[in-house]
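Working notes, beginning with the structure itself.
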Amino acid sequence: METLPTKAITKQELNSRNDKAAAVHYSKRREIDLRNERRALQRQIGEVWDDPLHLA
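Residue numbers for the sequence shown follow the UniProt record's numbering, beginning at 1 and rising by one.
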C-alpha cells in the first residue's frame, strides 16, 4: 500500500503548532489545578463546619 505524499512544513510552522499545543495543554492543566484547589478548600471548610468542637 502506497502512502500519500505529505506536505513538508517549515520549522516556523512546526514551532507555531508546538506553541499552540503547549498553550492549550497549559490552559487545561491550569483549569484542572484550579478545580483541585477549589475542591481542597471546600473540603477544608466542610471539615471546620462539621467539626463538633467548632459548634460547642
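Every residue, glycine too, gets a C-beta built ideally from N, C-alpha and C.
- Message: Looking at the secondary structure, which residues open and close the alpha helix (DSSP H) in which residue 28 lies?
- Response: 11 to 50
- Query: residue 40 to residue 17, Cα distance in whole Å?
  - Reply: 35 angstroms
- Alpha carbon to alpha carbon, how far is residue 12 from residue 26? 21 angstroms
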